[in-house]
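Everything on this sheet refers to the single structure shown next.
Protein chains: 2
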Amino acid sequence: MISYHDIVVTGGFWHELQARNQAVTVPAVRRRFLKTGRFAALDFSTLWEEGKKPHIFWDSDIAKWMEAAAYILQKERDPALERAVEEAISLIEKNQDRNGYFNSYFMRVEPEKRWQNRDAHELYCAGHLMEAAVAYYEATGRDRFLHCMIKYAAYIEKVFMIERSAAFQTPGHEEIELALVKLYRCTGEARWLRLSQFFINQRGANGKDAPVYSANQSYSQSHLPAREQFTAEGHAVRAMYLYCAMADLALECGDEGLLNACRALFVNITEKRMYITGGLGSSHHGEAFTFDYDLPNETAYSETCAAIGLALFCRRMSALEPDSRYADAAERAIYNCVLAGVSEKGDAFFYENPLEIHPEIRGRGERFPITRRQKVFGCSCCPPNLTRFIASYADFLFTRHDDILYVHHYTSARTEHIEIITEYPREGEISLRVRGMAGGRLALRIPGWCENFHCGMPGTLDRGYYYIDIPDDDFALTLTLDMPVRLTYADARVYGNTGRAAVTRGPVVYCMESIDNGDNLRALSIAPGAQFTGGFDLLECNGHRVEEQGALYRFDSPKRVSQKLRFIPYFRYANRGESEMAVWVRAEGV
Amino acid sequence: MISYHDIVVTGGFWHELQARNQAVTVPAVRRRFLKTGRFAALDFSTLWEEGKKPHIFWDSDIAKWMEAAAYILQKERDPALERAVEEAISLIEKNQDRNGYFNSYFMRVEPEKRWQNRDAHELYCAGHLMEAAVAYYEATGRDRFLHCMIKYAAYIEKVFMIERSAAFQTPGHEEIELALVKLYRCTGEARWLRLSQFFINQRGANGKDAPVYSANQSYSQSHLPAREQFTAEGHAVRAMYLYCAMADLALECGDEGLLNACRALFVNITEKRMYITGGLGSSHHGEAFTFDYDLPNETAYSETCAAIGLALFCRRMSALEPDSRYADAAERAIYNCVLAGVSEKGDAFFYENPLEIHPEIRGRGERFPITRRQKVFGCSCCPPNLTRFIASYADFLFTRHDDILYVHHYTSARTEHIEIITEYPREGEISLRVRGMAGGRLALRIPGWCENFHCGMPGTLDRGYYYIDIPDDDFALTLTLDMPVRLTYADARVYGNTGRAAVTRGPVVYCMESIDNGDNLRALSIAPGAQFTGGFDLLECNGHRVEEQGALYRFDSPKRVSQKLRFIPYFRYANRGESEMAVWVRAEGV
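Chains C and U, in that order, are what the protein sequence lines are.
Taking this note's numbering, I'd label the letters of the first sequence as residues 4 to 593.
Taking this note's numbering, I'd label the letters of the second sequence as residues 4 to 593.
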């Protein structure tokens, strides 16, 4: 893998996103975390204010924000940002228990309950702190935070692996497993890899772990040993973080059992349990996977963090074996569900990302996803997760295996041997220049959605990658991925989508909003053979609207009038006030 | 109105239903009420068994069953049934408070809380007991129960109208208002009519009534004075019972304000808030009306009692003014939602009547209506309501205004001047014979669904009734209502139903079940111009099934295969085990 560390994003789509992230989102999340007492919770010397008692999730919120800050600081000095991170580190260092334990909730609110409740997110918070510490060390070279977290990891190793004195064996919310792999990679200490393996191996294979949230062990992926899990079950975010760690260990340890499980899980997710937006989790009930083809649009949970988790899992799978399906799925998640999680301005967030919104049905009093992005949530995992994800996006771009340089994703960026210039995903033309790799090979991902591509170079297409022999040490080529607007259809078993189509262009899924199309989107349909005009920001095609007919029920076939239909990228929905929204639109003749 | 008392149902559809009701349903409900302690609760001399503490609704359950028994006993002696009713009456008589109060819950469980909680259904239970007492007196001439209830009514008059000593002014659950009109009609005592008027006039017009269930006064129709209510709001059953009483008082008192409100409410319900099955209440949340055109299929509440209430309201409106829309709506409710409430065998019941069922989505853990009829419910209002409704159905058939005999509904029946023989709704041919009415007029309802009818007699069609001068004292004619199978479409604002049609024939709405059509009903569609074959029990037409396509998402237009589609009457759904069900089916070319 070629790390974000060694890559500069030079322009285009992701440069804009990262600039917004740095200028708006990271400060906005910090302000909200200051205001809600999250930063103050690290300072044990003051009492908390009314209503600002530390929450069991809070350390992880702070940690993800710190991790984002680290990624930004690696690229560009920002003394104020650095100071904010250093202050948090100082408080953690100061308040960390002598034995290594650190948790602002359990140290301050319920000290007697440490390691008692499997669902209390202690190891989850610890994992996020470890990820942040590694990122900060790699960004700045300063190791104070890293040493705190090594000490914490050693304490966790003692409690869980050696003494086994906790009330549970594996975390109710996975995350530390992948963090420990990062700690291993950063320090070279094999004990952290072994601790990660311990948690993975114990999962679903010990008599000590109580079910969390529901009576069903599958909620926390504890229903079976990891190597026997072949269908994605339970809480979608927990599942994704687990699968990330499984893929990491498959790579680090050559663990075939874990690799097989990861492959099966990937297939189950992407062929049966994933929204077209890359969203995961079909129900708010448990924020969970349900069953094959159960992908309701209006009540989709589809948490931003789960789509981030899917992208992270796919990135690891791409590193394990060259198969474009992994990057295809990552791309689907990133350009749709993940980016929908943050507002156009960058300061408001969705936790749930439904595929259809009818604001007025909330008047029923039943539970539906919210329809406007919020500045912060009580459980505010998604906003800081977005900040760190966007800041470290370059991690997705390249891997190198021996003499093969893989390009998994396209954006304007450069690293040691390659430079890319493109407006992707706005258009499919990609200029590449490869230096100092004569005799090696370039492997360009041809996305699954792309039916025609051109690059003027002979090559071999294998599992979605186009392999080209690099002829000399300064080699330029242009890859053009044809990116027409297409109607996409779901399998008939996705029962809400029969008779409907989604408008897609390249990796981007589009949606209609009533602000562009008038109220009652379900009355609209795409005309047979409709041609699309417009560009990335707005697509138009011919369609019809069923007219209101006066009588509630009647025998006369409904009358239709012609109407131009307008579509915007799904990830931009709900940026112009409350509006109906629909991804899946009735398609005539289907 | 010509009472069921003076009508004999002689054969055909309703004779079969009433026979099943008498032979199966009434005994089955009694057995369940015995088993659950409902009858025993009337006996204050014994302690209740574990888990059988009287419930605040129970008196009303028993009362509705007693009312059904009375209707049956009016037609046919049944000593065992009579004894069961008499035993209950004896217990009520014995345990009634000296002051007239009777409530098996508040006398036994919380005696200090009488008349304190507006939502505790005391006046609702009292109303049902009064209805039962009137029915039993009219059936048997025995007045013991009636006297108990007159005493109770007098006590209620004292507490609510004279002393105003209760913690509330009007009941949280309406019902007593219509019962008091029955008591007035039975006894001729105007004070009961005045007491009913008092409750209606005070509703939404006093400072004493607290909101019930939710903070919203509209839940119990207390948001406005009755005469200012023009849209159906809140709990659907409560609303219907209120509107029944408003219509009763409009008739008895010539109250134009109430009549206007009733007309507006009827229009709002039938043109904007009613399922095609006559079901009412779009959400389980409050078991309530929501807003115009909000009629979701899978999560419909559509309580059996609300459809019964709609039929009862419409019957009263038919008596107020000759307009077939009232009987049309009653018929829609009766032949669809009401009859769906009871199983084919007659011993199991639905409380909620959704228009679409996907049994597997219950696996999400979210709330959906149950998919199999139950023998009894914790709150078991619907089963005994069905027993009394079916037993007294003849009340719907005829009214007489001066020299005009109105026939509102068609079934084989006879009364003083008319005899009808028909297999309606199985077929549209109706033989009528009118005796002793030469010079008078016969007004035959031509249902709104009927586009062609024939009767071989000149006449005048006015607001859905065909008026014929009766030529002599023994006059026979055959009315034929053409009853082809029709596709019915919903207004485009019913957003779940665009692109779909419902199969209807006469008043009967049909549905598909997966047991007849294979799994995944949403993959099926009705072919354009499809012709239907078969009869009342089973209709068939040509259609298509979208094939499963392997990939979850793809660009290829879905492939379809031809499939014969099979439809059964909606009211017979869920009688052959758990099955998918759908009323609204995708219609090609719509």
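For each residue, glycine too, the CB sits at the ideal point set by N, CA and C.
For Cys544 of chain C: DSSP bridge partner residues:
C:Leu568
For Ser223 of chain U, is the classification buried or exposed, using 16 other Cβ atoms within 10 angstroms of its Cβ as the cut-off for buried?
buried
Who are the neighbours of Ala526 of chain C on chain U, taking C-beta pairs under 8 Å?
Ala495, Arg496, Tyr498 and Thr501
Mind pulling the chain U residues with CB within less than 8 Å of Pro561 of chain C?
Tyr492, Ala495, Thr501 and Val593
Ranges of the alpha helix (DSSP H) found wholly within the region 491-568 of chain C, counting only runs of at least 4:
517-520
Can you check which of these residues, U:Val341, U:Ser305 and U:Trp195, is closest to Phe163 of chain U by C-alpha distance?
U:Trp195
Within the region 227-277 of chain C, note down every full alpha helix (DSSP H) run reaching 4 residues or more, in order along the chain.
239-256 and 259-275
For the region 360-380 of chain U, list every residue whose C-beta sits within 7 Å of some C-beta in chain C, in sequence order.
His361, Glu363, Ile364, Gly366, Arg367, Gly368 and Glu369
At a CB distance below 7 Å, what residues from the region 192-216 of chain C approach chain U? Give them in sequence order.
none
Around the C-beta of Lys567 of chain U, are 16 or more other C-beta atoms found within 10 angstroms, so that it is buried, or is it exposed?
exposed
Give me, in chain order, the residues of the same chain whose beta-carbon lies closer than 6 Å to that of Thr173 of chain C; leave out the 5 immediate sequence neighbours on both sides.
Phe202, Gln205, Arg206 and Asp212
If you drop the 5 nearest sequence neighbours on each side, which residues of the same chain put their C-beta closer than 7 Å to that of Glu316 of chain U?
With the sequence shown as reference, residue 316 of chain U is identified as Phe, and Glu is not the correct amino acid for it. Same-chain partners within the cutoff: Met243, Tyr246, Cys247 and Ala250.
Which class does Tyr74 of chain U belong to by DSSP, given the choice of helix, strand or coil?
helix
Report yes if the C-beta distance between Ala157 of chain U and Gly103 of chain U is below 7 Å; otherwise report no.
yes
Three-way DSSP call (helix, strand, coil) for Phe163 of chain U in this model:
helix
Give the single residue among C:Gly431, C:His411, C:Glu419 and C:Asn455 whose Cα lies nearest to the Cα of Tyr468 of chain C.
C:His411
Any beta-carbon of chain C closer than 7 Å to the one on Gln552 of chain U?
yes
What residues in the region 293-317 of chain U have a beta carbon less than 9 Å from any beta carbon of chain C?
Thr293, Phe294, Tyr296, Asp297, Leu298, Pro299 and Thr302
If you count every other CB in all the chains shown that lies within 10 Å of the CB of Asp9 of chain U, and 16 or more means buried, which is it?
exposed
Does any residue of chain A bring its CB to less than 7 Å from the CB of Val549 of chain U?
The structure shown contains no chain A; its protein chains are C and U.
Report the residue ranges of all alpha helix (DSSP H) runs contained in full by the region 278-337 of chain C; include only those spanning at least 4 residues, in chain order.
307-323 and 327-335
Between Arg417 of chain U and the rest of its own chain, which residues show a CB-CB distance below 8 Å, the 5 nearest in sequence each way excluded?
Ile10, Val11, Thr13 and Ile423
Rounded to whole angstroms, what is the Cα-Cα separation between Cys256 of chain U and Lys562 of chain C?
45 Å
By how many angstroms is the C-alpha of Pro487 of chain C removed from the C-alpha of Phe456 of chain C?
12 Å
Considering only the alpha carbon of each residue, which of U:Leu298, U:Asp485, U:Val437 and U:Pro387 lies closest to Tyr409 of chain U?
U:Val437
Kindly identify the DSSP beta-bridge partner or partners of Thr481 of chain U.
U:Ser434
Checking contacts by CB at 7 Å: is Tyr278 of chain U closer than that to chain C?
no
Go through its chain and collect everything with a Cβ distance to Asn356 of chain C's Cβ below 6 Å, but skip five positions before and after it.
Gly282, Ser305, Cys340 and Ala343
Report the three-state DSSP secondary structure of Asp100 of chain C (helix, strand or coil).
coil
Three-state secondary structure (DSSP) of Arg403 of chain C
strand
Quick one: what does DSSP say Phe202 of chain U is sitting in, helix, strand or coil?
helix
DSSP beta-bridge partners for His457 of chain U?
U:Thr483
Integer-rounded CB distance, given that Trp68 of chain C should sit under 8 Å from Arg33 of chain C:
6 Å
Could you tell me whether the Cβ of His18 of chain U comes closer than 7 Å to any Cβ of chain C?
no
Ala170 of chain U, buried or exposed, once every other Cβ within 10 Å from all chains shown has been counted against 16:
exposed
Is Phe558 of chain C close to chain U, meaning its C-beta is less than 7 Å from at least one C-beta of that chain?
yes
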